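For reference, the structure is listed below as structure tokens.
Residue numbers (the UniProt record's numbering): 1 to 58.
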């Protein structure tokens, strides 16, 4: 357990998130925002909260 004031004491992960998916080739117009449930974590797994990510597709 980390003991640092920079980490919140309790963080509750949401049960559902919004995902961006591309169902076919194309530009930004093919991107769709889709709600989906988070799967339960299995033994030895962890979940990382991402604030921003870059995408580079050819």
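Every residue, glycine too, gets a C-beta built ideally from N, C-alpha and C. Note that the structure is predicted; figures quoted are calculated from it, not measured.
Within 8 Å, strictly: CB atoms of residue i and residue j
i, j, result
"residue 20", "residue 31", "yes"
"residue 16", "residue 36", "yes"
Beta-carbon proximity list for residue i, same chain, < 8 Å, skipping 5 on both sides
i, result
"residue 38", "13, 14, 15, 16, 17 and 47"
Residues near residue i in its chain [Cβ-Cβ closer than 7 Å; skip 5 each side]
i, result
"residue 22", "30 and 31"
"residue 33", "18 and 20"
For this session: Scan the stretch 8-50 and note each continuous beta strand (DSSP E) run of 3 residues or more that stays entirely inside, going in chain order.
Result: 16-22 and 31-37
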